[in-house]
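There are 6 protein chains.
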Amino acid sequence: MEFTHFNEQGRAKMVDIGEKDVSFREALACGYVYMKRETLNMIVEGRIKKGDVLAVAQVAGIMGAKETSRLIPMCHNIPLTGVDINFQIMEKESAIRVEARVKCIGRTGAEMEALTAVSIACLTIYDMCKDVDKGMVIKNIQLLEKTGGKSGNFKREEEKPWE
Amino acid sequence: MEFTHFNEQGRAKMVDIGEKDVSFREALACGYVYMKRETLNMIVEGRIKKGDVLAVAQVAGIMGAKETSRLIPMCHNIPLTGVDINFQIMEKESAIRVEARVKCIGRTGAEMEALTAVSIACLTIYDMCKDVDKGMVIKNIQLLEKTGGKSGNFKREEEKPWE
Amino acid sequence: MEFTHFNEQGRAKMVDIGEKDVSFREALACGYVYMKRETLNMIVEGRIKKGDVLAVAQVAGIMGAKETSRLIPMCHNIPLTGVDINFQIMEKESAIRVEARVKCIGRTGAEMEALTAVSIACLTIYDMCKDVDKGMVIKNIQLLEKTGGKSGNFKREEEKPWE
Amino acid sequence: MEFTHFNEQGRAKMVDIGEKDVSFREALACGYVYMKRETLNMIVEGRIKKGDVLAVAQVAGIMGAKETSRLIPMCHNIPLTGVDINFQIMEKESAIRVEARVKCIGRTGAEMEALTAVSIACLTIYDMCKDVDKGMVIKNIQLLEKTGGKSGNFKREEEKPWE
Amino acid sequence: MEFTHFNEQGRAKMVDIGEKDVSFREALACGYVYMKRETLNMIVEGRIKKGDVLAVAQVAGIMGAKETSRLIPMCHNIPLTGVDINFQIMEKESAIRVEARVKCIGRTGAEMEALTAVSIACLTIYDMCKDVDKGMVIKNIQLLEKTGGKSGNFKREEEKPWE
Amino acid sequence: MEFTHFNEQGRAKMVDIGEKDVSFREALACGYVYMKRETLNMIVEGRIKKGDVLAVAQVAGIMGAKETSRLIPMCHNIPLTGVDINFQIMEKESAIRVEARVKCIGRTGAEMEALTAVSIACLTIYDMCKDVDKGMVIKNIQLLEKTGGKSGNFKREEEKPWE
Numbered sequence: 171m172e173f174t175h176f177n178e179q180g181r182a183k184m185v186d187i188g189e190k191d192v193s194f195r196e197a198l199a200c201g202y203v204y205m206k207r208e209t210l211n212m213i214v215e216g217r218i219k220k221g222d223v224l225a226v227a228q229v230a231g232i233m234g235a236k237e238t239s240r241l242i243p244m245c246h247n248i249p250l251t252g253v254d255i256n257f258q259i260m261e262k263e264s265a266i267r268v269e270a271r272v273k274c275i276g277r278t279g280a281e282m283e284a285l286t287a288v289s290i291a292c293l294t295i296y297d298m299c300k301d302v303d304k305g306m307v308i309k310n311i312q313l314l315e316k317t318g319g320k321s322g323n324f325k326r327e328e329e330k331p332w333e
Numbered sequence: 171m172e173f174t175h176f177n178e179q180g181r182a183k184m185v186d187i188g189e190k191d192v193s194f195r196e197a198l199a200c201g202y203v204y205m206k207r208e209t210l211n212m213i214v215e216g217r218i219k220k221g222d223v224l225a226v227a228q229v230a231g232i233m234g235a236k237e238t239s240r241l242i243p244m245c246h247n248i249p250l251t252g253v254d255i256n257f258q259i260m261e262k263e264s265a266i267r268v269e270a271r272v273k274c275i276g277r278t279g280a281e282m283e284a285l286t287a288v289s290i291a292c293l294t295i296y297d298m299c300k301d302v303d304k305g306m307v308i309k310n311i312q313l314l315e316k317t318g319g320k321s322g323n324f325k326r327e328e329e330k331p332w333e
Numbered sequence: 171m172e173f174t175h176f177n178e179q180g181r182a183k184m185v186d187i188g189e190k191d192v193s194f195r196e197a198l199a200c201g202y203v204y205m206k207r208e209t210l211n212m213i214v215e216g217r218i219k220k221g222d223v224l225a226v227a228q229v230a231g232i233m234g235a236k237e238t239s240r241l242i243p244m245c246h247n248i249p250l251t252g253v254d255i256n257f258q259i260m261e262k263e264s265a266i267r268v269e270a271r272v273k274c275i276g277r278t279g280a281e282m283e284a285l286t287a288v289s290i291a292c293l294t295i296y297d298m299c300k301d302v303d304k305g306m307v308i309k310n311i312q313l314l315e316k317t318g319g320k321s322g323n324f325k326r327e328e329e330k331p332w333e
Numbered sequence: 171m172e173f174t175h176f177n178e179q180g181r182a183k184m185v186d187i188g189e190k191d192v193s194f195r196e197a198l199a200c201g202y203v204y205m206k207r208e209t210l211n212m213i214v215e216g217r218i219k220k221g222d223v224l225a226v227a228q229v230a231g232i233m234g235a236k237e238t239s240r241l242i243p244m245c246h247n248i249p250l251t252g253v254d255i256n257f258q259i260m261e262k263e264s265a266i267r268v269e270a271r272v273k274c275i276g277r278t279g280a281e282m283e284a285l286t287a288v289s290i291a292c293l294t295i296y297d298m299c300k301d302v303d304k305g306m307v308i309k310n311i312q313l314l315e316k317t318g319g320k321s322g323n324f325k326r327e328e329e330k331p332w333e
Numbered sequence: 171m172e173f174t175h176f177n178e179q180g181r182a183k184m185v186d187i188g189e190k191d192v193s194f195r196e197a198l199a200c201g202y203v204y205m206k207r208e209t210l211n212m213i214v215e216g217r218i219k220k221g222d223v224l225a226v227a228q229v230a231g232i233m234g235a236k237e238t239s240r241l242i243p244m245c246h247n248i249p250l251t252g253v254d255i256n257f258q259i260m261e262k263e264s265a266i267r268v269e270a271r272v273k274c275i276g277r278t279g280a281e282m283e284a285l286t287a288v289s290i291a292c293l294t295i296y297d298m299c300k301d302v303d304k305g306m307v308i309k310n311i312q313l314l315e316k317t318g319g320k321s322g323n324f325k326r327e328e329e330k331p332w333e
Numbered sequence: 171m172e173f174t175h176f177n178e179q180g181r182a183k184m185v186d187i188g189e190k191d192v193s194f195r196e197a198l199a200c201g202y203v204y205m206k207r208e209t210l211n212m213i214v215e216g217r218i219k220k221g222d223v224l225a226v227a228q229v230a231g232i233m234g235a236k237e238t239s240r241l242i243p244m245c246h247n248i249p250l251t252g253v254d255i256n257f258q259i260m261e262k263e264s265a266i267r268v269e270a271r272v273k274c275i276g277r278t279g280a281e282m283e284a285l286t287a288v289s290i291a292c293l294t295i296y297d298m299c300k301d302v303d304k305g306m307v308i309k310n311i312q313l314l315e316k317t318g319g320k321s322g323n324f325k326r327e328e329e330k331p332w333e
């Protein structure tokens with residue numbers, strides 16, 4: 171088994187995907203922001219009257235998906251056909267779960283775009299709340315599913331296997 | 171206690187830092203990429219002869235730090251004076267620890283830049299290795315220390331408080 | 171009738187265009203910069219000997235078209251096949267009319283790219299002349315025509331319907 | 171009177187502001203999006219339950235302010251200290267008024283940043299609503315006030331002088 | 171013979187490639203960085219123990235290729251399928267030769283992407299070494315080969331025809 | 171003598187300039203594009219009636235200067251105070267000389283910005299003319315002068331030392 175991202179000089183390259191087929195591809199990723207219960211309450215209440223942290227994180231995550239190939243050096247620039255992000259308030263864990271679904275029609279998948287969208291959305295939640303809670307932790311950013319392409323589908327058996 | 175990032179209409183704003191003092195500020199953040207032992211071995215061995223995954227992640231993380239204000243909507247653009255990233259191979263946990271130290275002289279701190287540098291470095295490790303290990307998980311991205319500025323210093327008591 | 175840009179949580183998404191057909195699409199947009207007569211004269215004369223404001227606006231508008239999906243959060247990144255911008259000196263109105271034509275072959279149209287090209291070209295004219303005329307006004311940025319795609323063509327009946 | 175943006179060859183340059191003083195500067199700009207009454211109603215109602223067009227435009231405008239020097243060729247890159255955007259529903263005119271206030275501490279003012287923030291916010295409103303109303307028109311993007319700097323303050327006497 | 175990049179007003183445009191066929195295209199370009207022998211030795215030795223200048227230049231060049239259409243005003247944005255960069259130590263000339271191969275499947279070629287990759291890689295070598303050798307010179311950035319597309323192939327007869 | 175751009179792990183870092191003084195700094199760089207005589211004639215004549223290649227290269231070079239820290243991985247983001255580019259037609263050599271002067275007030279110099287401005291301007295000339303002359307060569311991009319900062323001034327003795 172070998173990494174595909176290196177050339178004969180042992181230096182990184184952007185692997186050639188020119189012979190791969192164009193197909194519909196989809197990736198689903200998620201991640202979590204753990205915070206103080208008080209911070210979570212402020213986010214939940216804010217949506218209604220004072221200011222919606224998650225609305226900003228949503229926009230940031232979608233824009234982040236479009237920036238992926240400019241942030242991740244060996245990542246191909248692929249025109250995305252759709253990006254959606256969902257948030258789930260996890261009262262018990264005092265956390266927010268961020269999920270991103272990214273679709274494209276191309277020669278390579280959208281895994282990195284989905285993971286980047288989740289990462290940027292989580293970082294934005296941190297940024298909006300850091301004045302009240304610098305101890306927040308971003309956890310378990312992971313690929314959940316990937317479909318399309320010749321390398322076959324991927325489906326994580328269990329959402330957090332290494333906890 | 172209130173979020174500072176919202177205006178009277180309840181909409182997000184970039185808070186005015188014009189009255190804050192210019193001071194030397196520094197932020198230290200870390201995160202982890204958990205992977206299969208086999209993947210970790212490939213990264214470790216690759217450095218010597220086949221291709222250095224972490225060299226690419228290093229560059230990506232530093233460039234990511236400089237992109238922070240363009241990725242995080244309410245984040246100020248601050249000229250950074252220094253960025254450094256360190257990697258630690260964690261044999262026992264089969265993980266790589268990524269640490270970013272960011273320095274600036276300005277009216278607001280570099281916490282978001284340090285967290286973004288860590289995130290982009292972790293995503294790059296994922297990207298370089300995903301052909302052999304799609305199950306990798308990015309974990310516990312967190313601020314470790316922050317110095318400078320009027321709001322005082324921050325030092326996390328324990329590196330992973332919510333494990 | 172409903173907006174298409176929101177998901178079930180009521181949050182913005184980048185709508186999935188994966189099932190739309192690839193077709194040739196074209197959009198034409200225009201806008202105006204109103205200014206003092208003296209400023210207009212300086213622009214007109216400058217082309218010949220002192221410096222061409224519109225040459226800079228031309229380049230800025232074309233580059234702006236290519237930045238559209240990075241500026242407009244829910245806008246898809248589409249590879250453009252052609253962009254052209256034309257300027258018309260309107261002596262009587264003491265204004266410059268900016269027109270942008272953008273072409274692409276893709277699953278969604280180029281309306282936003284044409285409107286963005288016009289906006290950035292107008293802003294650049296303002297920037298180049300603001301030292302002599304801060305009162306300039308950018309007016310009536312509008313879509314004139316759109317062809318291609320399943321939703322049918324659009325043609326504005328009259329160039330400035332709400333004057 | 172002469173344009174300052176051209177060199178001796180008659181070509182555009184980024185003018186040297188190195189001898190200007192660092193001072194607190196502020197700019198206020200506004201613009202309008204005219205639309206069908208039905209579209210305005212959808213936006214107003216959407217905020218409450220179906221999806222908030224203006225929340226996306228807010229984020230886009232603020233991020234747009236930060237991109238100004240990358241979009242407007244001769245514009246200096248200045249670290250902004252604060253950006254705020256306000257929307258006003260104009261029932262009678264069937265329009266939305268967008269106002270941006272941008273602050274910085276530097277050697278040149280933030281007029282272009284305020285005008286760009288307004289432009290990008292207006293374009294985003296157009297983008298979010300264009301499936302229901304392609305005829306929307308962006309009107310009267312203008313500088314309202316500018317303070318700070320040696321060239322003196324600017325205050326528009328009347329908001330739309332050339333209607 | 172005429173330039174294709176200008177419209178009827180004599181202003182630059184992004185030429186319409188909508189009628190060109192989609193085909194596999196490839197471009198190969200090279201360039202050189204001349205330096206003091208001492209500097210070259212430091213780069214060569216650094217790879218092994220102290221820090222790998224060329225690893226950074228490699229990443230910068232690949233990321234630069236992806237930025238091409240944002241840097242070169244009339245250049246189309248084309249999704250690249252592969253980018254590789256190779257370095258050759260030229261002991262005798264006390265120089266490093268940088269070669270970039272870029273592949274795409276599209277309506278226009280990747281010449282500019284290959285030339286930009288080489289330029290950015292050369293500039294990065296300069297940046298990393300400028301503290302010890304400000305006199306370095308970047309020389310002979312040139313297209314070596316281009317295949318694909320209707321306009322036919324190009325192959326430079328001799329690598330440096332105008333020395 | 172040692173490179174300053176590497177950390178203790180032998181990996182690249184953005185060196186800390188936080189202890190350097192803020193001072194006025196200036197850099198002057200140049201480069202050349204060699205081309206067929208016929209191509210040079212087309213550029214010279216185009217300025218007057220058919221389209222001004224150099225006007226586009228001028229804008230691209232200035233915008234390129236502002237992108238430097240995003241292209242060169244270890245380069246600091248410094249707010250530039252002024253950028254100017256000059257072109258010189260070299261009839262005898264059948265070449266265009268591009269010169270960029272960049273000024274800033276900061277903790278590090280503008281050498282990379284000047285060199286990047288020259289590189290992007292040269293690449294843009296290539297792009298605008300490549301349909302008539304793919305054999306053009308970009309030559310001798312070099313720093314001519316640097317003033318300001320503690321490390322002292324630099325002045326190249328002779329413009330092309332290694333021809």
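Chains as they are written, first to last, in the working numbering: chain X, 171 to 333; chain E, 171 to 333; chain P, 171 to 333; chain V, 171 to 333; chain A, 171 to 333; chain R, 171 to 333. In this text, a Cβ means the ideal position worked out from N, Cα and C, and glycines have one as well. The model shown is predicted, which means the values in this text are computed figures rather than measured ones.
Cross-chain neighbours of Asn310 (chain R) in chain A, by beta carbon under 7 Å: Taking the sixth sequence and counting its residues from 1, one reaches residue 310 (chain R) at position 140. Going along chain A in sequence order, the residues near Asn310 (chain R) (Cβ under 7 Å) are Val307, Lys309.
Tell me, please, which residues DSSP counts as bridged to Lys309 (chain P). Your numbering for residue 309 (chain P) matches position 139 in the third sequence. Answer is P:Tyr202.
If I'm right that Glu284 (chain V) touches Arg271 (chain V) with Cβ under 8 Å, what's the distance once you round it to whole angstroms? For the purposes of this step, residue 284 (chain V) is taken as the residue at position 114 of the fourth sequence. For the purposes of this step, residue 271 (chain V) is taken as the residue at position 101 of the fourth sequence. According to the sequence provided, residue 284 (chain V) is Ala. The question's Glu does not apply to it. About 7 Å; that satisfies the 8 Å criterion.
Contact set between the segment 219-232 of chain E and chain A, restricted to residues whose Cβ is under 7 Å from the partner: Asp222, Ala225, Val226, Val229
Report yes if the CB atom of Tyr296 (chain E) is closer than 8 Å to the CB atom of Val203 (chain E), and no otherwise. What you label residue 296 (chain E) is simply residue 126 of the second sequence in a count that begins at 1. What you label residue 203 (chain E) is simply residue 33 of the second sequence in a count that begins at 1. It is a contact, given that the beta carbons lie within the stated cut-off.
Could you tell me which chain X residues have their CB closer than 7 Å to the CB of Lys294 (chain E), listed as they occur along the chain? Looking up residue 294 (chain E) in the second sequence gives position 124. Checking the sequence shown, residue 294 (chain E) turns out to be Thr, not Lys. Here the neighbours are Ile242, Pro243.
Does any residue of chain P have a CB that is nearer than 8 Å to the CB of Asn256 (chain X)? Looking up residue 256 (chain X) in the first sequence gives position 86. With 8 Å as the cut-off, Asn256 (chain X) counts as an interface residue toward chain P.
Nearest-angstrom Cα separation, counted from Lys190 (chain P) out to Ala230 (chain E): Translated into the one-based positions of the second sequence, residue 230 (chain E) becomes position 60. Translated into the one-based positions of the third sequence, residue 190 (chain P) becomes position 20. The alpha-carbon atoms of Ala230 (chain E) and Lys190 (chain P) are separated by roughly 35 Å.
Judging by CA-CA distance, which residue of P:Thr286, P:Arg326, P:Glu281 is the nearest neighbour of Glu196 (chain P)? Against the third sequence, residue 196 (chain P) aligns to sequence position 26. Residue P:Glu281 is the option with its Cα nearest to Glu196 (chain P).
In this structure, does DSSP put Ala270 (chain A) in helix, strand or coil? As a position in the fifth sequence, residue 270 (chain A) is number 100, starting the count at 1. Correct three-state label for Ala270 (chain A): strand.
Along chain P, in chain order, which residues have C-beta atoms closer than 7 Å to that of Ile247 (chain A)? By one-based count along the fifth sequence, residue 247 (chain A) stands at place 77. In the sequence under discussion, the amino acid at residue 247 (chain A) is Asn, which differs from the Ile named in the question. Result: Lys236, Pro249, Leu250.
Among P:Gly318, P:Thr238, P:Lys320, which one has its Cα closest to the Cα of Thr286 (chain P)? Within the third sequence, numbered from 1, the residue matching residue 286 (chain P) stands at position 116. Among P:Gly318, P:Thr238, P:Lys320, the Cα nearest to that of Thr286 (chain P) belongs to P:Thr238.
Three-state class that DSSP yields for Arg240 (chain E) in the structure shown: Start at 1 with the first residue of the second sequence, and residue 240 (chain E) comes out as number 70. Helix.
Please classify Lys178 (chain V): is it buried, with 16 or more other beta-carbons within 10 angstroms of its beta-carbon, or exposed? Position 8 of the fourth sequence, counted from the start, is the residue given in the question as residue 178 (chain V). Looking at the sequence provided, one finds Glu at residue 178 (chain V) rather than Lys. That one is exposed.
List the residues of chain E that Ser289 (chain X) touches, going by C-beta distances under 7 Å, in chain order. Residue mapping note: residue 289 (chain X) aligns to position 119 of the first sequence, counting from 1. Residues of chain E passing the Cβ test: Ser289, Leu293.
Assess contact between the segment 305-314 of chain V and the segment 309-321 of chain P, defined as three or more Cβ pairs (one per stretch) separated by less than 8 Å. Is contact present? yes
Proximal residues to Gly216 (chain P) (C-beta, below 7 Å), its chain only, five neighbours per side dropped: Position 46 of the third sequence, counting from 1, holds the residue named residue 216 (chain P). Counting only Cβ-Cβ distances below 7 Å, and skipping sequence neighbours, we find Asp222, Val223.
Say whether chain E places a C-beta atom closer than 8 Å to the C-beta of Gly180 (chain X). As a position in the first sequence, residue 180 (chain X) is number 10, starting the count at 1. Judged by the 8 Å Cβ criterion, Gly180 (chain X) is in contact with chain E.
Taking C-beta to C-beta, are Lys236 (chain X) and Arg240 (chain P) nearer than 8 Å? Start at 1 with the first residue of the first sequence, and residue 236 (chain X) comes out as number 66. Start at 1 with the first residue of the third sequence, and residue 240 (chain P) comes out as number 70. Yes.
Are the C-beta atoms of Glu328 (chain E) and some chain X residue less than 8 Å apart? If you number the second sequence from 1, residue 328 (chain E) lands on position 158. It does not; no Cβ of chain X falls within 8 Å.
Per DSSP, which one or two residues make a beta bridge with Phe324 (chain A)? Taking the fifth sequence and counting its residues from 1, the one referred to as residue 324 (chain A) is at position 154. DSSP, once it has assigned bridges, lists A:Lys316 as partnering Phe324 (chain A).
Return the residue from the list X:Ala265, X:Arg181, X:Val226, X:Val214 that minimises the CA-CA distance to Pro243 (chain X). What you label residue 243 (chain X) is simply residue 73 of the first sequence in a count that begins at 1. Selected option, being the one with the closest Cα: X:Arg181.
Keeping to the same chain, check which residues put their C-beta closer than 6 Å to that of Thr317 (chain R); ignore five residues upstream and five downstream. As a first step, residue 317 (chain R) is located in the sixth sequence; it is residue number 147 there, counting from the start. Closer than 6 Å at Cβ, skipping near neighbours: Glu196, Asn323.
Let me know the secondary structure DSSP gives Thr251 (chain A) once reduced to three states. Start at 1 with the first residue of the fifth sequence, and residue 251 (chain A) comes out as number 81. Three-state result, Thr251 (chain A): strand.
Using the C-alpha atoms, what's the distance from Ile275 (chain V) back to Val192 (chain R)? Locating residue 192 (chain R) in the sixth sequence gives position 22, counting from the first residue. Locating residue 275 (chain V) in the fourth sequence gives position 105, counting from the first residue. So the alpha carbons of these two residues sit roughly 16 Å apart.
Rank E:Thr278, E:Lys206, E:Phe257, E:Ile213 by C-alpha distance to the C-alpha of Met298 (chain E) and give the top, closest one. Translated into the one-based positions of the second sequence, residue 298 (chain E) becomes position 128. Minimum Cα distance to Met298 (chain E) is reached at E:Ile213.
Which class does Glu283 (chain V) belong to by DSSP, given the choice of helix, strand or coil? Here residue 283 (chain V) corresponds to residue number 113 of the fourth sequence, with the count starting at 1. The answer is helix: DSSP assigns Glu283 (chain V) an H, G or I state.
Looking at the C-beta of Lys262 (chain P), does it have a partner C-beta in chain A at a distance below 8 Å? Start at 1 with the first residue of the third sequence, and residue 262 (chain P) comes out as number 92. No, because no Cβ of chain A sits closer than 8 Å to the Cβ of Lys262 (chain P).
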